[in-house]
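Asks:
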Amino acid sequence: RVITGQNPQSAKSVGEAILKELQKYPLRFDATKYTTQQVTQGTQTLTVRAYEGIVYVANPVEEQYQQLNIYIPEAYFNGETINGFNAQTAPIFLPNGIGGYMPAKPLSLTGGNKDTNNSLIMALSKGFVVASPGARGRTSATGKAPAVIVDLKAAVRYLKYNDKEIPGDANKIISNGTSAGGASSALLGASGDQAAYEPYLKELGAAPATDAIFAVSAYCPITNLENADKAYEWQFGNLSQYKTMEISMLDYNVQRTYKTGTFTPEQTKVSADLKKDFPAYLNSLKLKDSKGEQLTLNSKGEGSFKELLKQTIIAAAEKAQREGTDLSKYSFLTLKNGKVTTIDWDGYITYMERHKSPPAFDGLDLSIGENQLFGDATTDKKHFTPYALKNSVVESQMADANIVKLMNPMSFIGNKNAHLAKYWRIRHGAKDSDTSAAISLILATALQNNHYPVDYALPWDKPHSGDYDLGELFTWAEKISR
Ligand code: DHB
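The opening residue of the sequence shown carries number 2 in the numbering used here; numbering runs sequentially from there.
(1) Does DSSP put residue 477 in a helix, a strand or coil?
(2) I need the straight-line Cα distance from residue 221 to residue 430, nearest angstrom please.
(3) If you run the structure through DSSP and keep just helix, strand and coil, what is residue 262?
(4) On a Cα-Cα basis, can you pick out the residue from 370, 105, 267 that is closest to residue 153?
(5) Can you tell me whether residue 1 sits near the ligand DHB, meaning its C-beta is under 7 Å from at least one heavy atom of the ligand?
(6) How big is the Cα-Cα spacing for residue 4 and residue 20?
(7) So, for residue 479: in the same chain, excluding its five sequence neighbours on each side, which residues have a beta-carbon less than 6 Å away from its beta-carbon?
(8) Threshold first: 3 residues or longer. Then list the beta strand (DSSP E) segments lying entirely within the region 285–357, N to C.
(9) Can you tell me the Cα-Cα spacing of residue 451 and residue 25, whole angstroms?
(10) Can you give me the C-alpha to C-alpha distance between residue 298 and residue 49, rounded to a whole angstrom?
(11) By the three-class DSSP mapping on this structure, what secondary structure does residue 483 have?
(12) To the nearest angstrom, how far is it from the Cα of residue 188 to the Cα of residue 195?
(13) In this structure, how does DSSP classify residue 410 when only helix, strand and coil are distinguished?
(14) Just how far apart, CA to CA, sit residue 6 and residue 14?
(15) Could you please give the first and the last residue of the uninterrupted beta strand (DSSP E) stretch that includes residue 247?
(16) Taking the alpha-carbon positions, what's the residue 135 to residue 207 distance?
(17) Which same chain residues end up closer than 6 Å to residue 405 when comparing Cβ atoms and leaving out the 5 residues on each side of it in sequence?
(18) What are the residues that DSSP puts in a beta bridge with residue 103?
(19) With a 10 Å radius around its C-beta and 16 neighbouring C-beta atoms as the bar for buried, classify residue 2 as buried or exposed.
(20) With DSSP as the reference, label residue 254 as helix, strand or coil.
(21) Go to residue 133, then tell me how far its beta strand (DSSP E) extends in each direction, as first and last residue.
(22) Could you pull out every unbroken alpha helix (DSSP H) segment of at least 4 residues lying fully inside the region 410–465, listed in chain order?
(23) Collect the residues with a C-beta less than 5 Å away from any heavy atom of the ligand DHB and give them in sequence order along the chain.
(24) CB-CB under 8 Å to residue 246, same chain, minus the five flanking residues each way: which ones, in chain order?
(25) Whose CA, out of 313, 280, 92, lies closest to the CA of residue 304?
(26) Could you check whether the region 108–128 touches the region 40–48, counting it as contact only if at least three pairs of C-beta atoms, one from each stretch, sit closer than 8 Å?
(27) Who are the near neighbours of residue 420 in its chain, counting only those whose CB is closer than 6 Å to its CB and skipping five residues on each side?
(28) How would you label residue 295, buried or exposed, when you count the other beta carbons within 10 angstroms and need 16 or more for buried?
(29) Can you confirm whether the region 142–150 touches the region 371–378 when touching is taken to mean that 3 or more C-beta pairs between the two stretches lie within less than 8 Å?
(30) So, are the CB atoms of residue 96 and residue 130 less than 8 Å apart?
(31) From residue 426 to residue 387, what does the alpha carbon distance come to, in whole angstroms?
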């Protein structure tokens with residue numbers, strides 16, 4: 002904004018106009034602006050105050066997404082407790098509804114897909130305060146990377162800045178999300194207070210506060226995007242048949258449609274090229290197992306990292322068996338005395354099915370959602386890996402390396418000045434082929450190697466999805482919060 006003229010009167014009126022505009026989106030929480038809603042979970046009915054559509058920055062650019070919905074049990078305004086929590090101690094559950102790196106509205110108790118509000122209802126019934134942030138997404142010129150994470154950080158800052166005004170403990174923010182939302186949740190937890198995001202937050206007029214959070218829950222995080230193509234071919238490269246998925250939006254809900262195909266000769270080569278590159282990346286991370294031994298892969302992609310992944314899958318199968326699943330129908334598992342002794346890798350991968358053609362994320366023709374994520378205000382779609390840039394079949398540009406870095410939680414784990422979330426819970430379905438399980442195993446192991454407690458599992462037979470084990474999720478969330 003340009004303030005013109007020397008006339009102090011006009012400068013003053015412009016100043017007043019600016020102030021008025023700023024107050025259109027006050028950063029201070031207004032406890033009087035709520036509606037009353039009822040939440041039913043089983044036999045329990047809870048009255049909550051719903052503070053919906055709070056724009057969490059002073060200068061929004063897409064205010065329909067840069068909003069928070071906050072739900073607070075009425076009991077906390079009356080000095081009561083729920084499940085041992087009160088207005089001072091209740092953790093804040095922060096579920097995002099981000100999918101496909103598309104723009105997302107905050108989740109609500111009633112709206113959206115029928116399943117999206119389940120975690121909110123469960124959280125409230127267990128005495129958590131709920132704050133759901135919306136965020137910009139890849140389909141708009143102003144929603145390109147790193148907008149999604151900048152918005153989530155701004156939402157966290159709003160909650161921290163208003164900790165005294167909003168019941169619940171802003172030092173106990175537990176983020177949750179699925180897929181792109183899981184990736185965003187993990188990134189939020191890994192990137193707390195990193196200075197590189199500051200200019201973006203400043204421009205939005207984010208509240209002055211920390212954006213470090215307490216804990217992360219991430220389901221099937223579609224993360225570490227610049228290494229995900231290699232990981233995908235390492236895991237799925239032997240399958241030349243695929244069933245690809247396309248993501249679109251309908252009424253603010255992400256839609257997924259599938260089509261089948263077989264590799265072309267070009268795709269066969271791309272798959273082999275990428276597969277060959279994965280061991281070097283994995284080995285460069287110098288990850289260690291729980292005994293301190295380095296996790297490695299040889300040039301064929303075999304080694305202790307793959308063995309760890311197999312053991313994690315076997316553990317998931319055995320858990321399912323303990324809970325009543327008949328494992329005998331999974332012919333790729335060898336069973337002996339109620340234990341799984343081996344897993345036939347090729348058989349397992351065939352059962353999983355391949356959901357993406359190569360490259361899985363950085364399309365050589367820029368046609369994949371992630372290409373659009375890494376576009377900018379003037380160029381809708383870009384490459385973000387050297388391989389796809391080099392082998393691009395269209396006129397194309399490379400995304401800014403710094404922005405790619407700002408989208409990857411791996412960028413910050415182990416940094417001295419990192420304010421990482423203290424607790425992590427990561428789930429990736431054992432039948433999820435939207436990204437390689439290596440991606441979440443790498444994330445979980447890197448965190449563990451840096452002494453963060455990680456509850457990691459690959460739930461048996463689960464496809465690409467989230468929020469399917471809310472009972473266990475909240476058992477974990479309560480335990481870390483007490
Ligand atoms: C999602 C799924 C994907 O396969 C992907 O590449 C990005 C996002 C999702 O479901 O959010």
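A virtual CB, placed ideally from N, CA and C, is assigned to each residue, including glycine.
Replies: On the basis of the supplied data:
(1) Helix.
(2) Spanning the alpha carbons of residue 221 and residue 430 requires a straight line of approximately 7 Å.
(3) DSSP places residue 262 in strand when its eight states are reduced to three.
(4) Of all alpha-carbon atoms in 370, 105, 267, the one lying nearest the alpha-carbon of residue 153 is that of 105.
(5) What the structure shows of the chain is the stretch from 2 to 483, and residue 1 is not part of that stretch, so it cannot be assessed.
(6) Bear in mind that the predicted position of residue 4 carries a pLDDT of just 46, short of 50, making it too unreliable to give a figure here.
(7) The answer is none, since no qualifying residue turns up.
(8) With a minimum length of 3 residues, the continuous beta strand (DSSP E) runs that stay inside the region 285–357 are 334–337, 340–344.
(9) Distance between the alpha carbons of residue 451 and residue 25: 43 Å.
(10) The straight-line gap from Cα to Cα measures roughly 52 Å.
(11) The answer is coil: DSSP assigns residue 483 none of H, G, I, E or B.
(12) Each residue's Cα considered, the two are about 11 Å apart.
(13) Three-state result, residue 410: helix.
(14) Its pLDDT being 46, under 50, residue 6 is placed unreliably by the model, and the measurement read from it follows with that caveat. Roughly 12 Å separates the two Cα atoms.
(15) Note, residue 247: beta strand (DSSP E), 242–251.
(16) Across the structure, residue 135 and residue 207 are spaced so that their CA atoms are roughly 14 Å apart.
(17) Around residue 405: 227, 385.
(18) Bridge partners of residue 103: none, in fact.
(19) Confidence at residue 2 is low in this model, with a pLDDT of 41, below 50, so the placement of that residue should be treated as unreliable; the coordinate-derived value is given next. When all chains shown are included, residue 2 counts as exposed.
(20) Shown here, residue 254 sits in a strand according to DSSP, grouped into three states.
(21) Boundaries of the beta strand (DSSP E) around residue 133: 130–134.
(22) With a minimum length of 4 residues, the unbroken runs of alpha helix (DSSP H) contained wholly in the region 410–465 fall at 438–450.
(23) Checking every Cβ against the heavy atoms of the ligand DHB under 5 Å gives 100, 101, 180, 181, 223, 435.
(24) Around residue 246: 257, 258, 259, 356, 357, 435.
(25) The shortest Cα separation from residue 304 among 313, 280, 92 belongs to 280.
(26) In the pairwise beta carbon analysis, the region 108–128 is classified as touching the region 40–48: at least three pairs are separated by under 8 Å.
(27) Cβ within range, chain order: 193, 194, 213.
(28) Burial is judged here by how many other beta carbons sit within 10 angstroms of a residue's own beta carbon; residue 295 has fewer than 16 and is exposed.
(29) With a cut-off of 8 Å on Cβ pairs, the region 371–378 is in contact with the region 142–150, counting three or more such pairs.
(30) For residue 96 and residue 130, no; Cβs fall outside 8 Å.
(31) C-alpha of residue 426 to C-alpha of residue 387: approximately 31 Å in a straight line.
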